[in-house]
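For the sequence shown, the positions run 1 to 281 when UniProt numbering is used.
Don't be surprised by glycine CBs; every beta carbon is placed ideally from N, CA and C.
Written out below as structure tokens is the structure these notes cover.
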Amino acid sequence: MADRFANRRRITSLDPERDHAEIMRISSGYEFPWDYVRSLEFALFRTYCVPSISALLAKTGEFERRPQQRYDDTALLMAELVEHGYDSPRGREALRVVNRLHGRYDISNDDMRYVLSTFIFDPIEWITRFGWRPLTDHERLGAFHFYRAVGHRMGIKDLPPDYSSYAAFKREYEAEHFTYSDTNRAIGQYTLDLFCSWYPAPRALTSRAVLAMLDEPMLTAFGFPAQPAWLTKAARTALRARATTVRLLPPRTTPRLTNDPKNRSYPGYPAGYRPTDLGAP
Numbered sequence: 001m002a003d004r005f006a007n008r009r010r011i012t013s014l015d016p017e018r019d020h021a022e023i024m025r026i027s028s029g030y031e032f033p034w035d036y037v038r039s040l041e042f043a044l045f046r047t048y049c050v051p052s053i054s055a056l057l058a059k060t061g062e063f064e065r066r067p068q069q070r071y072d073d074t075a076l077l078m079a080e081l082v083e084h085g086y087d088s089p090r091g092r093e094a095l096r097v098v099n100r101l102h103g104r105y106d107i108s109n110d111d112m113r114y115v116l117s118t119f120i121f122d123p124i125e126w127i128t129r130f131g132w133r134p135l136t137d138h139e140r141l142g143a144f145h146f147y148r149a150v151g152h153r154m155g156i157k158d159l160p161p162d163y164s165s166y167a168a169f170k171r172e173y174e175a176e177h178f179t180y181s182d183t184n185r186a187i188g189q190y191t192l193d194l195f196c197s198w199y200p201a202p203r204a205l206t207s208r209a210v211l212a213m214l215d216e217p218m219l220t221a222f223g224f225p226a227q228p229a230w231l232t233k234a235a236r237t238a239l240r241a242r243a244t245t246v247r248l249l250p251p252r253t254t255p256r257l258t259n260d261p262k263n264r265s266y267p268g269y270p271a272g273y274r275p276t277d278l279g280a281p
């Protein structure tokens, strides 16, 4: 059997500040591709608990008209940065698209800092709980340095200078800004409906399973009902059982970032597409 922990040894041989792009590429593309996708789905969901963010999304109408495409645009643009590097030709092209899309709207710097923080810390929290192996410190710090570099290229100001201070900023921002609003509920419902559309199970069952994964501050900010404790326990147990199975599998030999065959808005991506095609109406 191939060496299951060769990638981890490669990661720990690298410098998390200097080599953060390579660490992110290996960790998210080879070691935890499924976990990164799932955790970032919930990370984006989490940002809609901030009324200023949900109000802007509600104003654009994009989540009402094209929720799947808007989700795929975000996921693929971020994947471009990880797979190709933010300073590669494709990475710079993806960043131009991101900055162009954000430039259409009046988004506060603090909201931008907060959204970026979820890309760092939500996957770390998810993989710590449900990953097939523990993350290394190199992977945690690599994620911080990677997205901090991305944030600088997006023009986000006053990014916290180290891992612990950025984590503290995220906690404090959520404590201060997570509060119920009608736009939270509307965007949250569109997102919940989108998640449910991905699975063949009855919508009522899928909806409850998704809600069972949300913590109390998110449920309160969305106005969603809390689910029974047994359902939350069952969902988390299923994820841990999956991790046990994945641990026994051979290591992945091809990355799963932009080349996801299940992409719904851009089938066959990236063949025939460029990052500039993303985000179009």
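- Here the alpha carbon of W132 sits roughly 21 Å from the alpha carbon of A79.
- DSSP places Y273 in the coil class of the three-state scheme, outside both helix and strand.
- Taking a C-beta distance under 8 Å as the contact criterion, I53 and T136 do not qualify as a contact pair.
- Remark: three or more beta-carbon pairs, one from each stretch, lie closer than 8 Å, so the segment 41 to 52 and the segment 212 to 228 are flagged as touching.
- The count of Cβ pairs closer than 8 Å, one atom from the segment 53 to 71 and one from the segment 181 to 200, reaches three, so the stretches are in contact.
- Pairing P275 with R140 gives a Cβ-Cβ distance that is not under 8 Å.
- Listed in chain order, the alpha helix (DSSP H) elements of length 4 or more contained wholly in the segment 144 to 206 are 163 to 177 and 182 to 197.
- Under the three-state reduction of DSSP, S27 is assigned to helix.
- A direct Cα-to-Cα measurement between R242 and T206 gives close to 18 Å.
- Rounded to whole angstroms, S39 and Y86 show a C-alpha spacing of 21 Å.
- The residues L194, in chain order, have a CB closer than 7 Å to that of Y71 in the same chain once the five nearest residues on each side in sequence are set aside.
- Selection P255, A168, A2 and E17 evaluated against R113 yields A168 as nearest (Cα-Cα).
- Around P160, the same chain offers Y166 and F169 as residues with beta carbons nearer than 6 Å, after the five sequence neighbours per side are excluded.
- For L249, the three-state secondary structure derived from DSSP is coil.
- Y30 counts as buried, since at least 16 other C-beta atoms from the protein chains shown sit within 10 angstroms of its C-beta.
- The three-state reading of DSSP puts Q227 in coil, since its state is none of H, G, I, E or B.
- Pairing V246 with K233, the inter-Cα distance amounts to about 20 Å.
- Taking a contact as a CB-CB distance under 8 Å, the pair I23 and G142 counts as one, their CB atoms being some 3 Å apart.
- When the five nearest sequence neighbours on each side are left out, the beta carbons in the same chain lying within less than 7 Å of the beta carbon of F121 are those of A167 and K170, in order along the chain.
- Residue environment: E174 is assigned as buried (16 or more neighbouring CB atoms within 10 Å of its CB, all protein chains considered).
- In this structure, Q227 and R240 do not form a Cβ contact; the two beta carbons are roughly 18 Å apart against a cut-off of 8 Å.
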